[in-house]
Amino acid sequence: MTSKFYNEIVNSKKEKEVELVYKKGINTYFPKSIIEHPFECDGYIESNIQYDNATKVLRLIMEFKYDEDFSRDIQKAKVLIQVIYYLKKFNTDIHYSILPDIILVGDKDECFVIHTNTIIKYLYEDIDWSIAPSEAANKNPKVVLKIAKDREINPFIFRVDKTFSFKDVADKIKELALNIKRFVKITENNIPLIYDYFICKVIVDVNKYSVNDLVYVFISLMVSPEDCYPHPNKRNILVLSNKREIKIDGRAYRAFIEHFDKRYTSREKDVFTEISDRLIDDTKRRFNGEFYTPTIWADEAHNMISKEFGENWREEYVVWDCAWGTGNLTRDYEFKELYCSTINESDLRIGDRYNINSIKFQYDFLNDDIELIQGAELLEEVYKLPKELLKSIKSNKPIIFFINPPYATANNAGTKIGDHKEGVAKTKVNELMKNDEMGESSQQLITQFLYRILKFKEVYNLNNINICIYSNPIYMSGSSYKGFRKNFFKNFNFKSGMLFKASYFSGVKESWGISFSIWKSGESNNITEFKHTIKDLINGQIIGIGTKIIYNLDLEKSFSDWIKEDVIKNNTKDAPQLSSAINVKQKGRGRIVDGALGYYVNVSNNVYKNKSDVFLLSSTASTANGISITKENYMKVVSNFAARKLVTGKEYTWINQKDEYIKPNLDNELYEEWNNDAIIYSIFNTSSNQSSLRKIEYKNRIHNIKNEFFFMGIDEMRELAVKYDNDYIYNDIRNFGGDRYTFTLVRETNFSKEATDVLDKAKEIVEKSFEYRKLFNEDNPKYNINTWDAGWYQIKGILKEFMKEDLANFNELYKKLVDKMKPMVYKLKMLKL
0 MTSKFYNEIV
10 NSKKEKEVEL
20 VYKKGINTYF
30 PKSIIEHPFE
40 CDGYIESNIQ
50 YDNATKVLRL
60 IMEFKYDEDF
70 SRDIQKAKVL
80 IQVIYYLKKF
90 NTDIHYSILP
100 DIILVGDKDE
110 CFVIHTNTII
120 KYLYEDIDWS
130 IAPSEAANKN
140 PKVVLKIAKD
150 REINPFIFRV
160 DKTFSFKDVA
170 DKIKELALNI
180 KRFVKITENN
190 IPLIYDYFIC
200 KVIVDVNKYS
210 VNDLVYVFIS
220 LMVSPEDCYP
230 HPNKRNILVL
240 SNKREIKIDG
250 RAYRAFIEHF
260 DKRYTSREKD
270 VFTEISDRLI
280 DDTKRRFNGE
290 FYTPTIWADE
300 AHNMISKEFG
310 ENWREEYVVW
320 DCAWGTGNLT
330 RDYEFKELYC
340 STINESDLRI
350 GDRYNINSIK
360 FQYDFLNDDI
370 ELIQGAELLE
380 EVYKLPKELL
390 KSIKSNKPII
400 FFINPPYATA
410 NNAGTKIGDH
420 KEGVAKTKVN
430 ELMKNDEMGE
440 SSQQLITQFL
450 YRILKFKEVY
460 NLNNINICIY
470 SNPIYMSGSS
480 YKGFRKNFFK
490 NFNFKSGMLF
500 KASYFSGVKE
510 SWGISFSIWK
520 SGESNNITEF
530 KHTIKDLING
540 QIIGIGTKII
550 YNLDLEKSFS
560 DWIKEDVIKN
570 NTKDAPQLSS
580 AINVKQKGRG
590 RIVDGALGYY
600 VNVSNNVYKN
610 KSDVFLLSST
620 ASTANGISIT
630 KENYMKVVSN
640 FAARKLVTGK
650 EYTWINQKDE
660 YIKPNLDNEL
670 YEEWNNDAII
680 YSIFNTSSNQ
690 SSLRKIEYKN
700 RIHNIKNEFF
710 FMGIDEMREL
720 AVKYDNDYIY
730 NDIRNFGGDR
740 YTFTLVRETN
750 FSKEATDVLD
760 KAKEIVEKSF
770 EYRKLFNEDN
780 PKYNINTWDA
790 GWYQIKGILK
800 EFMKEDLANF
810 NELYKKLVDK
820 MKPMVYKLKM
830 LKL
């Protein structure tokens, strides 16, 4: 069952909501205590506790955050210094002569408990104790660093996930208060969760190891802990019983070892060894994108199928789950003619007691019997497919493919453990799709499953073959799947669908949605829009909360294609490969047009990649995946950049993640002002990495990179160089002068008030920060700040160091521009609702 605590906290949107859930847990396990808030702390209790026949007064102080990463030492330190300030107030107040002895720190997805004795020494630091605890981390960076490096501060981090129990936290609080050392015993039931924690939190660079290696490391610690030890001289290296060295997070390892029992009987060790196969299989599934379907969502799928095919569909249709796993889709129902196939033979052993009247068989749907969908006629004895199923197919019986196939591509990421999936999609169906010119869709396992079903239909002229599928909805909307859709929609017609959060599938991130869709034989009536009911799990019941149209641009021009029109045929050349505004790599795949103003990385054409893979540079990107910016496409680029980056905050949801961007409505009278404002937006966005770099070495040659997005002229900058006696910039103007392209646009363009305010404030800040350039350059030469056309990324380095208040004021003005522009993304029809 999913944790009640998790269900209550998972949808929290702010710190206060997180706090309320934790306090509910405190009231449950410390029922006679009253939560107070001395000195405006998040919570404090005094409670008599009994544990293992011991009694003591517990004094617990609490601190809550919304969403921090407590596995990072610096984040733990920032929270703890705030607690330390509260402890100082306790220590100097006559009403609280005794300090709290236990500290609970929690956020939305993690928490930890620590004894006050571990940090009490910091009460005697020579710092300003009069400031507010909430300001402690900002005002005392040296102490924060000291706490972060303190090896004695090493609490076990509890993950607040679907299996989380606040009782474990309450037990830890009691153990620390009573000075009782209790270890959590690993059992056959909890070992998958503990193994999962171990390789997520303890192992570093998990992708460097094979699945078998990961399981071996974990099992070795269980069965022969005396032979596994941290390296005496390398604190982040674990030496295994076979003397192999594994890179670990040393602190997380020590916390793990101190939390879990390491004493097991010979029989228990045998069980761990026996279960290793299961752990290996589970880990492989995650690498390959396979996820189990929770029962409640399987039941919902059955209800939807009954509405489309009638209540007796399990009697009237042949049903084939060709990605059966261990039977989560079918195990609670009876079928007249059910076929269950899975690539893993171990699944058949695990699920042997489910669907006992079905025909189960080991079968690689994407590789076995490929001749069957190529029209070959071989002896039936040669095929792995059961004769009964083959006969049903050939006789054109009504059939439903009811499946939840793997979600991996050959090069994607997103599983909980391990991002590397090279080779996953290299199947015989993949080769068939390539030969049939299906393009990039051939790399996706979902489309490979669908394509094989499609080929069954075509080869055997089937007119009542139907598909009910859980999947990432990208095959319905993604531009790379256009060729696949053209074929698929001639044979299958969309009937209905639901969309829900992927996190309801164990081990899957919440940031995307899972579609369950039903397709019947026949040509599609609508090939561009597919209406899904949005569903959520509320109080244990699945509820429809709205509708979502998943759409594609097969009959429209995509925004991405539109901005490429002016440069796609231009010759490109090698240039310094940038991995950020100021870092140059000697190798990379990027190429740029001669005379380009910059380079625009805009991976894919949908909302999904907006946060991480959309940014501007002054030279080509080492990752490529972008286009050159020229005078011909400049206005298109800033328009596209703004449209994508404006949908990255709360506007970015699991519901709209796969929405495709459309060429804007240029006839709308509001577009010109929006496009002009996009110039200002694109100069100052956090993903605007345009920069000015001098004398950088790339492939044994010296290069100078100009910032064509600079918004001030050489005359203004020369005056500032003279005023502040900055010879570096004065000479830089002499050597690399000439007004930049964006400045020539800015002085001739009309902007909205919001954009004008941002531009004016930026000019003011450039002048005000000029006096710090020499000093900043001495400590941070990599920023190349003494160039006259230094980009906003470079200038912000100064502001963060010396002018935080000015930067905050600028950000307020920029936010007003953002708020003005954001609704226009939909008004100008760049995205559909």
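Numbering of the sequence shown is given in numbering that gives the first Met the number 0, commencing with residue 0 and proceeding in unit increments.
In this text, a Cβ means the ideal position worked out from N, Cα and C, and glycines have one as well.
query                                                                                                              : result
Start-end ranges of the beta strand (DSSP E) lying completely within the stretch 644-721, minimum 3 residues       : 692-697, 700-704
Where the alpha helix (DSSP H) through Gly82 begins and ends                                                       : At residue 82 the sequence reads Val, which differs from the Gly that was named. 72-91 is the span of the alpha helix (DSSP H), which, as asked, contains Val82.
Exposed unless 16 or more other CB atoms sit within 10 angstroms - verdict on Lys752                               : exposed
8 Å Cβ cutoff met for Val765 and Met711                                                                            : yes
Unbroken alpha helix (DSSP H) run spanning Asn808, endpoints                                                       : 803-820
Residue-level contact to chain C via CB, Ile764, 8 Å cutoff                                                        : Among the protein chains of the structure shown there is no chain C, as only one such chain exists.
Bridge-paired residues (DSSP) for Asp320                                                                           : Cys339
Backbone CA spacing between Glu299 and Pro575 [nearest angstrom]                                                   : 54 Å
Rounded separation between Ala412 and Lys64 - CA only                                                              : Because the pLDDT at Ala412 is just 35, under 50, the model does not fix this residue reliably, and the value given afterwards should be weighed accordingly. The straight-line gap from Cα to Cα measures roughly 28 Å.
Where Ser611 falls: helix, strand or coil (DSSP)                                                                   : coil
Beta-carbon proximity of Thr341 to Ala322, cut-off 8 Å                                                             : yes
Straight-line Cα distance separating Leu816 from Phe750                                                            : 11 Å
At least 3 beta-carbon pairs within less than 8 Å: the stretch 612-626 vs the stretch 652-670                      : no
Close Cβ partners of Pro154 (< 7 Å) along its chain, the five nearest in sequence each way excluded                : Phe111, Val112, Ile113, Ala254
Buried or exposed (CB count within 10 angstroms, at least 16 for buried), Leu431                                   : buried
Validate contact between the stretch 618-630 and the stretch 592-606 using beta carbons, cut 8 Å, 3 pairs          : yes
Closest by C-alpha distance to Arg262, when choosing among Pro229, Leu220, Ile279                                  : Leu220
As assigned by DSSP and simplified to three states, the class of Asp108                                            : coil
Span of the alpha helix (DSSP H) around His230                                                                     : Unbroken run through His230: none, as it is neither H nor E.
Under 8 Å between C-beta atoms of Pro37 and Tyr95                                                                  : yes
Integer Cβ distance of Thr638 from Pro663, believed to fall under 8 Å                                              : A small fix is needed here, since residue 638 is Ser in this sequence, not Thr. Indeed they touch by this definition, with Cβ atoms about 6 Å apart.
Euclidean distance between Cα positions of Glu421 and Asp212                                                       : Only weak support is given to the placement of Glu421: the predicted model assigns it a pLDDT of 47, under 50, and the value that follows is read from those uncertain coordinates. Distance between the alpha carbons of Glu421 and Asp212: 18 Å.
Separation of Ile48 from Gly324, as counted between CA atoms                                                       : 47 Å
Test item: CB-CB of Ile549 and Ser603 under 8 Å                                                                    : no
Option nearest Lys148 by Cα separation, candidates Asn137, Asn188, Ala76                                           : Ala76
Close-in-space but distant-in-sequence residues of the same chain around Ser357 (CB under 7 Å, 5 per side omitted) : Phe334, Leu337, Tyr338, Cys339
Classification of Ser129 by the beta-carbon crowding that lies within 10 angstroms, buried from 16 upward          : exposed
Cβ shell of Asn434 (< 7 Å), same chain only, five flanking positions each side left out                            : none
Glu528: first and last residue of the uninterrupted beta strand (DSSP E) it sits in                                : 528-537
C-beta contact flag for Ile399 and Val318 at 8 Å                                                                   : yes
Environment of Asp72 [buried if 16+ CB atoms lie within 10 Å]                                                      : buried
CA-to-CA distance, Lys485 to Arg717, given in whole angstroms                                                      : 59 Å
Alpha helix (DSSP H) runs contained entirely in the stretch 130-162, provided each spans 4 or more residues        : 135-138, 140-148
Reduced DSSP secondary structure (H/G/I, E/B, other) of Ile102                                                     : strand
Cutoff 8 Å; reference Lys795; Cβ partners in own chain excluding five residues on either side                      : Leu806
Classification of Ser611 by the beta-carbon crowding that lies within 10 angstroms, buried from 16 upward          : exposed
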